[in-house]
Amino acid sequence: MKVVYNSMIIFVKEDYEAMSKKAANMVAGQVNLKSNSVLGLATGSTPEGMYRELVELYKDDRIDFAEVTTFNLDEYYELPIENDQSYAYYMNKNFFSQVNISSENIHVPNGISDDVAGVCEAYDRLIERNNNIDLQILGIGNNGHIGFNEPDVKFEAGTHLVQLDEDTIEANARFFKSVDDVPRKAISMGIRNIMHTKKIILIANGANKASILKEMLFGPVTPNIPASVIQLHNDVTIILDKEAAKYVLEELKMRGVIQ
Ligand code: PGA
């Protein structure tokens with residue numbers, strides 16, 4: 021199912037597999053149209069299936085990453101990249117090591133530098149030097165974060181050091197031995213970086229994302245729900261599975277956008 025609402029395109033797919041395939045096909049479309057695309061990448065459980073599909077497309081010779089450049093949204097602060105919970109580790113395992121992307125074109129914020137301000141500034145400058153991101157993949161946190169832009173974010177911020185929300189620490193504890201092991205800080209691209217990307221694809225699955233997605237789409241644009249800012253971006257595609265779309269579909273019916 022495809023719906024256009026408030027200039028945003030919303031796809032509702034049967035399940036996680038179908039959501040992942042759709043997102044991967046859109047990434048492939050972007051790279052096939054522009055071989056030197058700059059991709060903005062996300063981590064977390066949600067995009068794992070999309071990366072699996074992209075690796076399959078690569079093995080089938082249907083996508084070539086030779087000229088692609090990537091910028092990841094975020095990285096934990098002071099977590100060594102060898103730690104299997106670092107986002108550098110995740111990206112390498114799930115994607116980079118399995119496709120023909122050149123290592124010099126891969127960018128993940130450096131969370132273990134003494135000069136955090138310098139790292140953030142250099143990341144912003146590098147994105148600009150690459151003419152900004154062509155296609156940004158986003159997930160959404162239960163608290164409405166995109167990247168690690170937590171509620172009450174400053175919309176004008178570029179890449180910056182973030183204090184993680186209690187909600188996020190709890191949500192991410194499932195990946196660590198205990199909640200105490202979850203880093204308290206991270207480096208994240210800011211809302212300004214995300215809003216400067218040329219195209220956004222936001223993916224979400226599962227019933228636990230259903231209410232925040234409704235707020236993101238139909239609520240006011242507010243720093244309390246950082247993802248709500250994408251209402252103001254001019255090229256947004258949202259790909260959901262049925263469970264995540266439950267309240268969004270109800271609201272679209274109520275508003276007469278769908279039957
Ligand atoms: P998840 O995280 O994909 O692990 O649910 C999404 C996010 O926090 O952005």
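Everything in the sequence shown is counted per the numbering used here, starting at 21 for the first residue and increasing by one.
Even for Gly, the Cβ is constructed at its ideal location relative to N, Cα and C.
This structure is a prediction, so every number in the text was calculated from the model and none was measured.
Tell me which residues share the same chain as residue i and place their Cβ nearer than 8 Å to its Cβ, disregarding the 5 neighbours each side in the sequence.
i: Ala265; result: Ile30, Val32, Ala230, Leu233
i: Leu74; result: Ala44, Val47, Ala48, Ile83, Phe115, Val119
i: Ser123; result: Phe116
Below 8 Å on the Cβ atoms is my contact criterion, and I expect residue i with residue j to pass it. Report the Cβ-Cβ distance as a whole number of Å.
i: Ile259; j: Met39; result: 5 Å
i: Thr63; j: Gln156; result: Actually they are not in contact, since the Cβ atoms of Thr63 and Gln156 sit about 13 Å apart, beyond 8 Å.
i: Lys219; j: Asp134; result: Not a contact, Cβ separation roughly 35 Å.
i: Tyr36; j: Asn225; result: 5 Å
i: Asn92; j: Val136; result: So it is not a contact: roughly 16 Å between Cβ atoms.
i: Met85; j: Asn120; result: Here residue 85 turns out to be Phe, not Met, going by the sequence shown. Indeed, because the Cβ distance is near 5 Å, the residues count as touching under 8 Å.
i: Met28; j: Val256; result: 4 Å
i: Pro100; j: Phe175; result: At roughly 32 Å, the Cβ-Cβ gap does not stay under 8 Å, so Pro100 and Phe175 are not in contact.
i: Gly164; j: Pro171; result: 6 Å
i: Tyr25; j: Leu272; result: 6 Å
Can you give me the start and stop residues for the alpha helix (DSSP H) that residue i sits inside?
i: Val136; result: 136 to 149
i: Asp187; result: 186 to 192
Please tell me whether residue i and residue j are closer than 7 Å, where the distance is taken between their beta carbons.
i: Leu158; j: Ile166; result: yes
i: Val268; j: Leu237; result: yes
i: Thr90; j: Leu61; result: yes
i: Val202; j: Ile189; result: yes
i: Val199; j: Ala191; result: no
i: Ser55; j: Glu76; result: no
Could you name the residues of the same chain whose beta carbon sits closer than 7 Å to that of residue i, not counting the 5 residues immediately before and after it, in chain order?
i: Asp94; result: Tyr107, Pro129, Gly167, Phe168, Ala206, Ile207, Ser208, Met209
i: Asn114; result: Glu68, Tyr71
i: Val282; result: Because the chain spans 21 through 279 in this model, residue 282 falls outside it and cannot be assessed.
i: Gly239; result: Ile245, Ser248
i: His253; result: Met215, Ile220
i: Tyr97; result: Gly131, Leu181, Pro203, Lys205, Ala206, Ile207
i: Thr66; result: Gly159, Ile223, Ala224, Asn225
Let me see if you follow: with CB-CB separation under 7 Å, is residue i close to chain C or not?
i: Ala230; result: No chain C appears in this structure, which consists of one protein chain only.
Considering residue i, what are the terminal residues of the beta strand (DSSP E) in which it resides?
i: Phe238; result: Run containing Phe238: none in the beta strand (DSSP E); it sits in the alpha helix (DSSP H), 230 to 238.
i: Leu181; result: 180 to 183
i: Lys33; result: 28 to 33
Every unbroken beta strand (DSSP E) within the segment 52 to 102, with a cutoff of 3 residues, ordered by chain: Under the rule that a run must span 3 or more residues, the beta strand (DSSP E) segments found entirely inside the segment 52 to 102 read 58 to 61, 89 to 92, 94 to 96.
Runs of alpha helix (DSSP H) lying entirely within the segment 197 to 226, each at least 4 residues, in chain order: Secondary structure in the segment 197 to 226: the alpha helix (DSSP H) runs of 4 residues or longer, each lying completely within the stretch, are 211 to 215 in chain order.
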